[in-house]
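Engineer:
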Amino acid sequence: MALTDFLQNLDELSTAAMAMFSSAGDAAALEAARIEFLGAKSGRLKTTQKQLGGVSKEDRPVAGKQFNETKQKIDAAFKEAQQRLSSSAASPVDKPQGNFDATLPGATFRVGRLHPITQTIEELKDIMGRLGFSVVEGPEIEDNWHNFEALNIPLEHPARDPLDNFYLATAQTSNHDEMLLLRSQTSTVQIRVMEKTPPPVRMISLGRVYRPDTADATHYPMFHQMEGLLIDSHVTMADLKSVLRLFATSYLGSDVHIRFRPSFFPFTEPSVEADYWWNDNWIEFGGAGMVDPNVLQAVGYDPEEVTGFAFGLGVERLCMRRHSITDIRELYKNDVRFLHQF
Ligand code: DAH
45 MALTDFLQNL DELSTAAMAM FSSAGDAAAL EAARIEFLGA KSGRLKTTQK
95 QLGGVSKEDR PVAGKQFNET KQKIDAAFKE AQQRLSSSAA SPVDKPQGNF
145 DATLPGATFR VGRLHPITQT IEELKDIMGR LGFSVVEGPE IEDNWHNFEA
195 LNIPLEHPAR DPLDNFYLAT AQTSNHDEML LLRSQTSTVQ IRVMEKTPPP
245 VRMISLGRVY RPDTADATHY PMFHQMEGLL IDSHVTMADL KSVLRLFATS
295 YLGSDVHIRF RPSFFPFTEP SVEADYWWND NWIEFGGAGM VDPNVLQAVG
345 YDPEEVTGFA FGLGVERLCM RRHSITDIRE LYKNDVRFLH QF
């Protein structure tokens with residue numbers, strides 16, 4: 045018999061034996077495999093050993109060496125299978141399936157984590173919760189009344205421009221056609237809460253808003269805002285400033301200074317932009333003001349009885365400053381190499 049043929053037989057025998065032993069699921073299957081391959085009289089290993097005599101004299105040392113190695117390998121596979129089956133029989137409760145080897149060292153695996161924006165939202169809720177603000181959610185698809193009208197934003201106001209909003213198909217309501225849009229601000233939730241709840245009110249709402257901006261390092265067509273609203277008797281601008289200062293020192297650090305700059309929003313009077321001092325710069329972190337009497341009237345409150353303040357902050361900005369993220373687009377690429385750093 046040619047050496048190459050003998051070696052090939054050995055190779056096939058070894059492959060078949062390894063497969064049988066490692067897949068043997070119980071003692072009976074293992075015993076059948078043992079008889080087939082290691083049987084003393086007519087096992088396949090024995091048969092192959094007999095072929096050794098037919099290999100030429102000069103090739104026999106090579107063939108014999110290979111035969112012995114194969115035999116050892118098959119013996120070892122049999123013993124391993126024996127051990128595997130006896131240990132699984134001892135603990136039938138968690139009997140491993142197939143080739144599971146409980147003795148292999150454990151491998152680390154990556155656990156997922158919350159998105160940095162979700163982490164920021166949780167922290168903001170926590171801070172505001174300690175100041176007594178409860179969390180409210182509002183819909184992302186809004187109508188004109190909640191996104192504009194009730195917020196004192198008249199029909200001809202540029203904020204309603206179709207180029208600045210994601211208008212959706214017109215919805216047919218019972219008595220008129222209504223234009224729906226993806227909300228452009230979370231101030232909508234102020235209206236929804238006041239319509240349902242008599243004063244006093246002390247709430248925040250965090251969620252997505254949508255504007256057709258071209259994405260760049262500081263803009264994205266979807267981002268998050270935290271809206272705040274406090275309504276009670278005798279609420280003043282001093283209360284607004286105290287709350288925003290407490291918020292800023294809690295989130296950014298106890299030595300942070302804030303300032304108010306005069307501004308304009310249709311739903312507040314007076315209106316301000318709030319800045320904090322950071323690295324020798326004033327950095328804007330949101331808009332705020334005293335709720336306009338027109339808004340209070342729109343929801344059925346009496347502006348002679350109650351006053352209040354409101355604010356709207358950008359969540360991405362706060363998150364980016366905290367983590368030194370310089371491009372907002374990184375937050376929404378879903379690249380785990382970026383996300384797993386937070
Ligand atoms: N809604 C405003 C915006 O998206 C932010 C804002 C300003 C919210 C003043 C307020 C506020 O509640 O009082 O630009």
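Residues 45 to 386 in the working numbering are what the sequence shown spells out, letter by letter. Beta carbons: idealized from backbone N, C-alpha and C, even for Gly.
#1: What do you reckon, are the CB atoms on Val300 and Leu168 nearer than 9 Å?
#2: Between which two residues does the alpha helix (DSSP H) containing His190 stretch?
#3: State buried or exposed for Tyr211, treating a residue as buried only when at least 16 other CB atoms are found within 10 Å of its CB.
#4: Taking contact to mean 3 or more Cβ pairs, one atom from each stretch, closer than 8 Å, check whether the stretch 345-358 and the stretch 320-335 are in contact.
#5: Closer than 8 Å: is that where the CB of Thr387 sits relative to any heavy atom of the ligand DAH?
#6: Report yes or no: do three or more beta-carbon pairs, one from the stretch 168-177 and one from the stretch 242-254, lie closer than 8 Å?
#7: Just to confirm, is the Cβ distance from Leu54 to Thr114 under 9 Å?
#8: Would you kindly work out how many angstroms separate the C-alpha atoms of Ala125 and Phe50, rounded to a whole number?
#9: To the nearest angstrom, how far is the alpha carbon of Ala342 from that of Glu313?
#10: Could you pull the DSSP bridge partners for Leu357 from this structure?
#11: Can at least three beta-carbon pairs, one atom from the stretch 284-298 and one from the stretch 220-235, be found at a separation below 8 Å?
#12: Inspect the beta-carbon positions of Arg78 and Leu57 and report whether they are closer than 9 Å.
#13: Over the uninterrupted beta strand (DSSP E) stretch that includes Val279, give me the two end residues.
#14: Quick one: using the 10 Å Cβ neighbour count with 16 as the cut-off for buried, is Gly97 buried or exposed?
#15: Just the Cα atoms here: how many angstroms apart are Phe308 and Pro198?
#16: Which residue wins for smallest C-alpha separation from Tyr295, given the options Arg236, Ala282, Leu357?
#17: Helix, strand or coil for Glu222? Go by DSSP, reduced to three states.
#18: Any idea what DSSP makes of Phe382, helix, strand or coil?
Structural biologist: Reading from the atomic positions:
#1: No; because the gap between Cβ atoms is not below 9 Å, this pair is not in contact.
#2: Where His190 is concerned, the enclosing alpha helix (DSSP H) stretches over 188-191.
#3: By the beta-carbon neighbour count (other beta carbons within 10 angstroms, threshold 16), Tyr211 is exposed.
#4: With the cut-off at 8 Å, the stretch 345-358 and the stretch 320-335 touch.
#5: Outside the displayed span of the chain (45 to 386) sits residue 387, for which this structure offers no information.
#6: By the Cβ test, the stretch 168-177 is in contact with the stretch 242-254, since at least three Cβ pairs between them sit closer than 8 Å.
#7: A contact, by the Cβ cut-off of 9 Å.
#8: Going by the C-alpha atoms only, they are around 27 Å apart.
#9: Each residue's Cα considered, the two are about 15 Å apart.
#10: As a beta-bridge residue in DSSP terms, Leu357 pairs with Met270, Gly330.
#11: No, the stretch 284-298 is not in contact with the stretch 220-235.
#12: Contact flag unset, no.
#13: That residue, Val279, is in no beta strand (DSSP E); it is neither H nor E in DSSP.
#14: It is exposed - the Cβ of Gly97 has fewer than 16 other Cβ atoms within 10 Å.
#15: Taking the CA atoms as reference points, Phe308 sits about 14 Å from Pro198.
#16: Considering only alpha carbons, the answer is Leu357.
#17: The answer is strand: DSSP assigns Glu222 an E or B state.
#18: The answer is helix: DSSP assigns Phe382 an H, G or I state.
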